[in-house]
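Numbering (my numbering), first residue to last: 892 to 1040. Worksheet for the structure shown next.
Here it is as structure tokens:
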């Protein structure tokens, strides 16, 4: 689980803006607990959204990993912008002080910022120059819908 410090450093490296303008929340309970006791154990329970045989398929597909990542980013950005447009259209009917409005607005803002950083990373990081695998393509293109709609 990435820490707030790691997220800050990632955004500092891959965005052209102050990460403090992007990160608007504090650290996790894990980070807090580790300040008190560095040996603390945190357990995060997750249930997979889906299971598909492609998740474990490490066969190269003949397309650069960078291109697969960038395609996934384009798809996610398109979805987030559409949701942003629809939220904007609904704003006259919404209590903008509602925690639901605030949560969705922040999700959209942070999601778009994260995609910018991920795009900059993918374009520059040499690890994305190799062939993508079936599992990486599935993660970048199909499974990503569970994060950004």
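Think of the CB as a built atom: it goes at the ideal place given N, C-alpha and C, for glycine as much as any other residue.
Determine the direct distance from the alpha carbon of residue 1022 to that of residue 959, and round the result to whole angstroms.
-> When rounded, the distance between both Cα atoms is 9 Å.
Who pairs with residue 1024 in a beta bridge, going by DSSP?
-> Beta-bridge partners of residue 1024 (DSSP): 951.
How long is the line joining the alpha carbons of residue 1027 and residue 965, rounded to whole angstroms?
-> Straight across, the Cα-Cα distance linking residue 1027 with residue 965 is about 16 Å.
Same chain, Cβ closer than 6 Å to residue 946, five either side skipped, listed in chain order | Here the set comprises 1026.
8 Å Cβ cutoff, residue 909 in contact with chain C | Although the question refers to chain C, the structure presented lacks it and comprises just one protein chain.
Residues near residue 1015 by beta carbon distance below 7 Å, same chain, minus five either side | For residue 1015, where only same-chain residues beyond five positions count, there are no Cβ hits under 7 Å.
Among residues of its own chain, excluding the 5 on either side of residue 918, which ones have a beta-carbon nearer than 6 Å to its beta-carbon?
-> Around residue 918: 895.
Which full runs of the beta strand (DSSP E) of 3+ residues lie inside the stretch 922-988, going along the chain?
-> Counting whole runs of 3 or more residues, the stretch 922-988 contains the beta strand (DSSP E) stretches 951-955.
Can you tell me which of the three DSSP states residue 916 falls into?
-> Coil.
Straight-line CA distance for residue 987 to residue 993?
-> The straight-line gap from Cα to Cα measures roughly 7 Å.
So what's residue 894 in DSSP terms, helix, strand or just coil?
-> In the structure shown, the three-state DSSP call for residue 894 is coil.
Endpoints, the alpha helix (DSSP H) within which residue 1000 is located | Per DSSP, the unbroken alpha helix (DSSP H) holding residue 1000 starts and ends at 990-1015.
Measure the beta-carbon distance from residue 971 to residue 1003 and round it to whole angstroms, keeping in mind my assumption that it falls under 8 Å.
-> With a Cβ gap of about 6 Å, residue 971 and residue 1003 count as contacting.
Should residue 1029 go down as buried or exposed, given a rule of 16 or more other Cβ atoms within 10 Å for buried?
-> Residue 1029 is buried by the Cβ-count criterion.
Could you check what DSSP says for residue 1030 in three-state terms: helix, strand or coil?
-> Note: residue 1030 maps to helix in three-state DSSP.
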